[in-house]
Amino acid sequence: MMRPMDKNKDEPTPLRERINEILLQQDENALLMDGFDEALIGFSQRINEPLLAVYSYSKMIETLITRDGMSDEEAMEYVDYNCVGSWVGERTPIIVMPLEL
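Using the working numbering, the final residue of the sequence shown is 119, and nothing's skipped along the way.
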């Protein structure tokens with residue numbers, strides 16, 4: 019899962035390094051999305067199931083708007099198609115959408 023306008027994709031950010039440290043401590047291999055470290059809100063796990071990365075939909079949208087200069091509509095379309103609409107196996111991350119009551 020690539021992010022748009024990825025300038026230094028081979029160089030991990032300090033935040034990604036910290037996330038990797040946490041995963042190493044748990045001895046887990048969760049699949050992470052490139053470019054959305056700020057939108058990672060935690061990990062989900064059920065008994066006998068792999069650890070899954072959990073991302074905030076609204077934070078993903080915010081990231082694309084502030085970092086990449088996308089409009090709201092462009093950001094939602096990008097996330098819906100490239101992230102929510104993506105299946106990369108049993109370790110596909112979870113994207114949590116806000117509950118609007």
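Glycine included, each C-beta is placed from N, C-alpha and C at the ideal position.
- Around the CB of Ile79, 16 or more other CB atoms lie within 10 Å, so the residue is classed as buried.
- In the DSSP assignment, Ile112 falls within the beta strand (DSSP E) that extends over Ile112 to Val114.
- Classified as buried, Ile113 has 16 or more neighbouring CB atoms from the shown chains inside 10 Å of its CB.
- With the rule of 3 Cβ pairs closer than 8 Å, the region 69-79 counts as touching the region 94-110.
- DSSP, reduced to helix, strand and coil, places Ala48 outside both helices and strands of the structure shown, so it counts as coil.
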